[in-house]
Amino acid sequence: MDASAYKVPGDNTITLSDELAREIMSRFQKDRDNRFKLFLLSHGIRQKYLDPITNEYSKEFHEWYEASGVSNLFGKLGNFTKYASAGEVVEFVATKTRNPEKELAKLPVSLRALYEVSLILKLDEDAFKTCLRFTPTRQTLDAPKHEWKTKGSDPLIHPDASSLELAAWRKRWEDPENQKEEDKFRRNVKLLTVSVSEDLFAFKAGKKTGVVDIEQVQDLLAQIEALFSKSNEKQFKLETQIDRITEKYASEKEKADPASALKAPKKSRADDYK
Numbered sequence: 162m163d164a165s166a167y168k169v170p171g172d173n174t175i176t177l178s179d180e181l182a183r184e185i186m187s188r189f190q191k192d193r194d195n196r197f198k199l200f201l202l203s204h205g206i207r208q209k210y211l212d213p214i215t216n217e218y219s220k221e222f223h224e225w226y227e228a229s230g231v232s233n234l235f236g237k238l239g240n241f242t243k244y245a246s247a248g249e250v251v252e253f254v255a256t257k258t259r260n261p262e263k264e265l266a267k268l269p270v271s272l273r274a275l276y277e278v279s280l281i282l283k284l285d286e287d288a289f290k291t292c293l294r295f296t297p298t299r300q301t302l303d304a305p306k307h308e309w310k311t312k313g314s315d316p317l318i319h320p321d322a323s324s325l326e327l328a329a330w331r332k333r334w335e336d337p338e339n340q341k342e343e344d345k346f347r348r349n350v351k352l353l354t355v356s357v358s359e360d361l362f363a364f365k366a367g368k369k370t371g372v373v374d375i376e377q378v379q380d381l382l383a384q385i386e387a388l389f390s391k392s393n394e395k396q397f398k399l400e401t402q403i404d405r406i407t408e409k410y411a412s413e414k415e416k417a418d419p420a421s422a423l424k425a426p427k428k429s430r431a432d433d434y435k
């Protein structure tokens with residue numbers, strides 16, 4: 162590398178002009194093209210020398226990686242994998258989207274950001290394509306595509322997208338039921354916990370057993386809900402698990418019913434209730 166070439170340009174060169182703007186744009190585009198081609202090159206190498214069964218690189222690759230000096234450029238092998246993953250994104254957008262040129266322009270150049278984008282692509286191709294146009298959300302992990310919410314949102318994937326915001330979205334997408342919208346009244350201090358006996362789900366031969374039944378739970382909840390009104394809305398918030406409890410109650414009751422013993426079990430969200 163010729164150090165003498167790296168000097169601040171002369172005054173005429175940096176005078177504000179259309180020509181200066183064109184040069185800056187040209188250099189940005191060349192930098193973008195160069196990085197994308199480097200990502201693609203890495204992706205191609207990984208495809209050729211990574212064993213899909215063991216998920217290990219071949220001995221030939223390891224020897225070349227160290228002896229050729231490219232390890233000094235990529236760093237550790239894990240970093241090379243990030244370059245390859247970024248290349249996987251570039252290839253997908255270039256070959257499997259309706260308008261490749263338009264969609265390629267939406268991709269960030271940052272290696273960290275593109276690596277996060279690659280994790281989204283691995284999760285779900287439909288979600289990835291949606292993220293090029295919107296920032297989708299969903300209420301449950303198994304929500305069908307037509308239930309995803311996108312209205313009024315900007316694209317999640319854009320040139321300035323950071324790895325942090327992409328990772329945060331992915332976390333919410335993979336665990337939607339544990340994500341809560343920010344409370345405008347900041348009612349986040351836990352005040353109390355009300356628990357009910359596991360006997361609630363106790364049945365024998367289709368008949369209720371134990372010390373508590375669903376009606377008692379519903380009655381107590383109604384009394385508690387009566388304490389909350391518009392007058393104290395800003396101070397207090399009530400959150401319950403009654404929907405899941407009711408669903409699990411019905412599921413356990415059905416399973417204990419002798420008439421249902423020969424029926425195939427149904428998968429219910431109630432099974433997830435702890």
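Heads up: the sequence shown at position 204 corresponds to 365 in our numbering, and the numbers run straight through without jumps. Note that CB positions come from ideal geometry on N, CA and C, so glycine has one too.
Burial state of residue i (16 or more Cβ within 10 Å)
| i | result |
| --- | --- |
| P419 | exposed |
| A247 | buried |
| P426 | Below a pLDDT of 50, predicted positions are generally treated as unreliable, and P426, at 45, falls in that range; the measurement from the model is reported next regardless. It counts as exposed. |
| F189 | exposed |
| E394 | exposed |
| I335 | Inspection of the sequence shows that residue 335 is occupied by Glu rather than by Ile. Exposed is the call here. |
| H307 | exposed |
| S358 | exposed |
| V254 | buried |
| L177 | exposed |
| I406 | buried |
| I175 | exposed |
Assigned secondary structure, residue i (DSSP; H/G/I helix, E/B strand, else coil)
| i | result |
| --- | --- |
| L211 | strand |
| Y218 | strand |
| K310 | strand |
| T370 | coil |
| K237 | coil |
| K243 | helix |
| K345 | coil |
| F397 | coil |
| K365 | strand |
| T174 | coil |
| T296 | coil |
| P261 | helix |
| H440 | This structure gives no information on residue 440, because the portion of the chain shown stretches from 162 to 435. |
| D194 | helix |
| V251 | helix |
| A304 | coil |
Endpoints, alpha helix (DSSP H) assigned at residue i
| i | result |
| --- | --- |
| K332 | 324 to 335 |
| R405 | 403 to 417 |
| V231 | Unbroken run through V231: none, as it is neither H nor E. |
| Y276 | 272 to 284 |
| V378 | 375 to 386 |
Candidates the options, of which the one nearest residue i by Cα
| i | options | result |
| --- | --- | --- |
| A411 | E249, G367, S219, G171 | G367 |
| I385 | S392, L399, E343, K391 | L399 |
| E413 | S229, Q379, F364 | F364 |
| K290 | L268, V169, L272, R273 | L268 |
| P261 | L293, G313, F389, Q208 | L293 |
| T354 | R259, F295, Q402, K191 | Q402 |
| S219 | G230, I206, Q379 | I206 |
Same chain only: Cβ atoms within 7 Å of residue i, ignoring 5 sequence neighbours per side
| i | result |
| --- | --- |
| S279 | S246, A247, E249, V250 |
| P297 | A288, T291, W309, K310, T311 |
| F222 | Y210 |
Cβ shell of residue i (< 6 Å), same chain only, five flanking positions each side left out
| i | result |
| --- | --- |
| V226 | The sequence shown places Tyr at residue 226, not Val. S232. |
| L270 | Rather than Leu, the amino acid found at residue 270 in this sequence is Val. If we look at V270 and ignore the five residues flanking it on each side, its Cβ neighbours are R193, R196. |
| A328 | E277 |
CB contact below 8 Å: residue i versus chain D
| i | result |
| --- | --- |
| H307 | Within the model displayed, chain D is absent; a lone protein chain is all it includes. |
Cutoff 8 Å; reference residue i; Cβ partners in own chain excluding five residues on either side
| i | result |
| --- | --- |
| E252 | L201, H204 |
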